[in-house]
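To start, the structure under review is shown below, and the notes come after it.
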Amino acid sequence: MVAYDDREAGIYWQSRMGNNADGIGGNSHCYEVVTAGREGGLDRARLLVDLGVKLGTCRSGYACEFSSPQGLLARREDGLVEGGGIAPQALLLTHSHEDHLGAIPHAIDMGYVVPPIHCTAFTACKVDQSLRHAGIPLDHWPQVSVVKAGEVVKLAGAEVEFVPVDHMPGASALRIATPEATVFHTGDYKFDSTLFLGDRANPGRLREIGMAGVDMVVSDSTAVAQAGEKLSEREICRNLARIIADNEGRAVVAGVLGTQLDRVVSLGRAASANGRSLVVSGASLAENLRALQLSGTDVEKVIGSRLLTPREAQALPADKVLVVTTGAFAQPNSGLMRAADRLPGALAIDPDTTVIIPQRAIPPIKGPHGAMVAKLEALGANVVTAERAPELGYGPIHQTGHAMEGDARLLYTLLRPRQMVAPIHGNGSQLNANARIAKDLGVPTLTMEQNGAVVQVTRHGARIVDYQDSRRIGAAETGATKKLPRAANGEGRRNHPPPAIYRYDLLDAGGRTVLARNIDAVRSGEAARPEKPGLLAAWRFGSRGRDTH
Numbered sequence: 417m418v419a420y421d422d423r424e425a426g427i428y429w430q431s432r433m434g435n436n437a438d439g440i441g442g443n444s445h446c447y448e449v450v451t452a453g454r455e456g457g458l459d460r461a462r463l464l465v466d467l468g469v470k471l472g473t474c475r476s477g478y479a480c481e482f483s484s485p486q487g488l489l490a491r492r493e494d495g496l497v498e499g500g501g502i503a504p505q506a507l508l509l510t511h512s513h514e515d516h517l518g519a520i521p522h523a524i525d526m527g528y529v530v531p532p533i534h535c536t537a538f539t540a541c542k543v544d545q546s547l548r549h550a551g552i553p554l555d556h557w558p559q560v561s562v563v564k565a566g567e568v569v570k571l572a573g574a575e576v577e578f579v580p581v582d583h584m585p586g587a588s589a590l591r592i593a594t595p596e597a598t599v600f601h602t603g604d605y606k607f608d609s610t611l612f613l614g615d616r617a618n619p620g621r622l623r624e625i626g627m628a629g630v631d632m633v634v635s636d637s638t639a640v641a642q643a644g645e646k647l648s649e650r651e652i653c654r655n656l657a658r659i660i661a662d663n664e665g666r667a668v669v670a671g672v673l674g675t676q677l678d679r680v681v682s683l684g685r686a687a688s689a690n691g692r693s694l695v696v697s698g699a700s701l702a703e704n705l706r707a708l709q710l711s712g713t714d715v716e717k718v719i720g721s722r723l724l725t726p727r728e729a730q731a732l733p734a735d736k737v738l739v740v741t742t743g744a745f746a747q748p749n750s751g752l753m754r755a756a757d758r759l760p761g762a763l764a765i766d767p768d769t770t771v772i773i774p775q776r777a778i779p780p781i782k783g784p785h786g787a788m789v790a791k792l793e794a795l796g797a798n799v800v801t802a803e804r805a806p807e808l809g810y811g812p813i814h815q816t817g818h819a820m821e822g823d824a825r826l827l828y829t830l831l832r833p834r835q836m837v838a839p840i841h842g843n844g845s846q847l848n849a850n851a852r853i854a855k856d857l858g859v860p861t862l863t864m865e866q867n868g869a870v871v872q873v874t875r876h877g878a879r880i881v882d883y884q885d886s887r888r889i890g891a892a893e894t895g896a897t898k899k900l901p902r903a904a905n906g907e908g909r910r911n912h913p914p915p916a917i918y919r920y921d922l923l924d925a926g927g928r929t930v931l932a933r934n935i936d937a938v939r940s941g942e943a944a945r946p947e948k949p950g951l952l953a954a955w956r957f958g959s960r961g962r963d964t965h
């Protein structure tokens, strides 16, 4: 970033990863807040927004990639930031998808200190799960403060408002405001008032924020190139009910993403409308539903009927249940993939089974997805994919979780940014599509098809003032696993295998060239025993540094 003695009061934003030519992921942003001090000088502090991983399209041999913490986070061994930088005061999480928080345990494993986290309750539960699954010692866990939807917290000389958006439970945009500038960071968003879970976006509040003044909008670009009519989750629920009704007398299995919880509710309501009970099969789905409960959502009340475990459903006829499991992206070891491979203990698929996959196959997984569908059909199943459903007369059963063109137009109209829109979360084509929408509305744009530029935002304007090469870390499994203590009496069988030990390599900004191998600082393979047995059993507000504002 620019030298400190050249700084003016304002907000300095840098995308460290997320604007990737090789695919979306690893989202991470640094905001440096510079405010007028009491004695005439300038006060400086940093905030991080998201710390995610990039999955699916990494270099061969790497399980994931993420923004390098070097020069950003403080080292645990001495509390210093390489290069003499400022350690961030807080990490703000917009939501709980892996591409926004998945690098947290990796950074800790590398020997860095993750600053106090501020996020909504469901996201806090997912952070807890992530750290437990990674075997992170409890004394290395960051403090997690739970923020309510719409709440304003004061951090690093700025007011930060967690603004509810429509994407997934607990998803928030961030209004970061100082006397000198205001930035609105959307995170992942869209507009759909029919989603069942979490708090809904409030266009009235967004208009109020716009009228109060927004200098720059940092906005999701993933799906803005998609024009046309948008499908609501309520319509998807109705279309799913038609598929189930058309398969009376048959077993029905649905494969979803483990985080696709509003779609699980849609399936539950569609099943109930057809006299079927919803059966949840799969550890990740069960975990996410448990996290919803712990964060205050009664999922059964939202669905309107009980959720059954596979054991509870054994006595029911196959045509009186709908089994929802994981595997919409043909992930290895997911419920649907195991069923397709006829592995021991997997769901039984036969000619009397209909399989619904209410999620479109994204480009990186089209090959594995097609192979899985072929295997299911070879077992005799009738497979209704999101691509096939409209052709079969059922209507669409999938809708993107990200803003389409109409959503972006609505957002910019409500916020009316004074300086510019800075597209993020996309490749060059997606970023440019977002920029065209803003320009069409008369809003200047700053399109950066790579990470690393530092943008200064003040009441007088916004401009690029510096550039830092944004490097990545590649995490490769070593084949070894961390040693976890034996389960205590009453803890029961662990739902997950021992966590892997990773080797961390420094990569260039595009993830193509290895700059240094084995740079991780901590590879002991030991993990402290959780203070309470069982996944999430110890999660409670106020424990291990958690608090509510």
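Position one of the sequence shown corresponds to residue 417 (our numbering), numbered consecutively onward.
Just so it is clear, CB atoms sit at the ideal spot from N, CA and C, and this is done for glycine as well.
Keep in mind that this is a model prediction, so the values were computed, not measured.
Can you round the beta-carbon distance between Val696 and Val740 to whole angstroms, since I take them to be within the 8 Å contact cut?
Their Cβ separation, rounded to whole angstroms, is 6 Å, which keeps Val696 and Val740 in contact under 8 Å.
Which runs of the beta strand (DSSP E) fall wholly inside the segment 663 to 704 and span at least 3 residues, in chain order?
Here the runs fully enclosed are 667 to 672, 693 to 696.
Would you call Lys899 buried or exposed, if buried means 16 or more other Cβ atoms sit within 10 Å of its Cβ?
Classification for Lys899: exposed.
May I ask you to report which of helix, strand or coil DSSP gives Val579?
Reduced to three states, the DSSP call for Val579 is strand.
Measure the beta-carbon distance from Arg692 to Lys736 and round it to whole angstroms, keeping in mind my assumption that it falls under 8 Å.
The pair is a contact, with the Cβ atoms about 6 Å apart (cut-off 8 Å).
Would you kindly report the start and end of the unbroken alpha helix (DSSP H) that includes Thr539?
Unbroken alpha helix (DSSP H) run through Thr539: 537 to 549.
Count the other CB atoms within 10 Å of the CB of Ala937; is the residue buried (16 or more) or exposed (fewer)?
Only weak support exists for where Ala937 lies, its pLDDT of 48 falling under 50; the coordinates are left without a value.
Quick check: the segment 815 to 833 against the segment 783 to 801, are there 3 or more CB pairs under 8 Å?
Output reads no: the segment 783 to 801 does not touch the segment 815 to 833.
Could you tell me the boundaries of the alpha helix (DSSP H) in which Lys717 lies?
Counting along the chain, the alpha helix (DSSP H) containing Lys717 begins and ends at 715 to 719.
What is the rounded straight-line gap between the Cα of Glu907 and the Cα of Gln430?
Unreliable positioning characterises Glu907 in this predicted model, as indicated by a pLDDT of 44, which lies under 50. A coordinate reading is not provided.
Relative to the alpha-carbon of Lys470, which residue among Arg650, Gly441, Gly809 has its alpha-carbon at the smallest distance?
Out of Arg650, Gly441, Gly809, Gly441 has the C-alpha closest to the C-alpha of Lys470.
Would you call the segment 580 to 590 and the segment 536 to 543 touching, i.e. three or more CB-CB distances under 8 Å?
Taking 8 Å as the limit for Cβ pairs, the verdict is that the segment 536 to 543 does touch the segment 580 to 590.
Could you give the C-beta distance for Asp921 and Ala892, rounded to a whole number, given that I count them as a contact under 8 Å?
Going by Cβ atoms, the distance from Asp921 to Ala892 rounds to 7 Å, so yes, they are a contact pair.
Would you kindly work out how many angstroms separate the C-alpha atoms of Ala574 and Ser484, rounded to a whole number?
Those two C-alpha atoms are separated by around 25 Å.
Put Thr770 into one of helix, strand or coil per three-state DSSP.
Strand.
Between which two residues does the alpha helix (DSSP H) containing Leu656 stretch?
Where Leu656 is concerned, the enclosing alpha helix (DSSP H) stretches over 649 to 661.
Kindly indicate which three-state DSSP category Asp735 falls into: helix, strand or coil?
Helix.
In chain order, what residues of the same chain have a beta carbon less than 8 Å from the beta carbon of Gly868, not counting five sequence neighbours either side?
Closer than 8 Å at the Cβ level, and outside the excluded window around Gly868, lie Gln430, Ser431, Arg432, Tyr883, Gln884, Asp885, Ser886, Ala925.
Closest to Asp823 by C-alpha separation, out of Gly426, Tyr605, Val562, would be which residue?
Here the closest residue by C-alpha is Tyr605.
Take Arg685 and list the residues in its own chain whose beta-carbon comes closer than 7 Å to its own, dropping the five residues that flank it on each side.
The residues are Cys653, Ile719, Gly720.
Output needed for Val581: all residues of its chain with C-beta closer than 6 Å, excluding positions within five of it in sequence on either side, in chain order.
Ala587, Ala589, Tyr605, Ala617, listed in sequence order.
Rounded to whole angstroms, what's the CA-CA distance from Lys646 to Ile524? Just pull it up for me.
Cα to Cα, the separation comes out at about 41 Å.
Which runs of the alpha helix (DSSP H), 4 residues or longer, sit entirely within the segment 501 to 534?
As far as the segment 501 to 534 is concerned, its whole alpha helix (DSSP H) runs of at least 4 residues are 514 to 517, 520 to 525.
Sorted by chain position, which residues of the same chain lie with C-beta nearer than 6 Å to Ala734's C-beta, five sequence neighbours on each side aside?
Only Ala667 meet the Cβ criterion.
Which residues mark the beginning and the end of the alpha helix (DSSP H) in which Gln846 is found?
Run containing Gln846: 844 to 856, per the alpha helix (DSSP H) assignment.
Please report how far the alpha carbon of Glu514 lies from the alpha carbon of Glu455, in whole angstroms.
The alpha-carbon atoms of Glu514 and Glu455 are separated by roughly 43 Å.
With a Cβ-Cβ cutoff of 8 Å, do Gln505 and Arg462 count as a contact?
In this structure, Arg462 lies closer than 8 Å to Gln505 by Cβ.
Beta-carbon within less than 8 Å of Glu793's beta-carbon, same chain only, minus the 5 sequence neighbours each way: which residues are those?
Result list for Glu793: Val799, in chain order.
Grouping DSSP H, G and I as helix and E and B as strand, with all else coil, what is Ile781?
Ile781 falls in the helix class under three-state DSSP.
Count the other CB atoms, across all protein chains shown, that sit within 10 Å of the CB of Asn436; report buried if there are 16 or more and exposed otherwise.
Asn436 should be labelled buried.
At which residues does the alpha helix (DSSP H) containing Met627 begin and terminate?
Segment 619 to 628, the alpha helix (DSSP H) holding Met627.
Does the beta-carbon distance from Asn663 to Thr770 come in below 8 Å?
In this structure, Thr770 lies closer than 8 Å to Asn663 by Cβ.
Have a look at Gly614, Met632, Ala746 and flag the residue whose alpha-carbon is nearest the alpha-carbon of Ile880.
Comparing Cα positions, the closest option is Met632.
Where Tyr428 and Val529 are concerned, what is the direct C-alpha to C-alpha distance, given to the nearest angstrom?
If I take the Cα positions, the gap works out to 22 Å.
Which residues in the same chain have their Cβ closer than 7 Å to the Cβ of Ala975, if we skip the five residues on either side of it in sequence?
Outside the displayed range of the chain (417 to 965) lies residue 975, so it cannot be described from this structure.
Have a look at the DSSP bridge pairing and note the partners of Tyr883.
Beta-bridge pairing links Tyr883 to Ala869.
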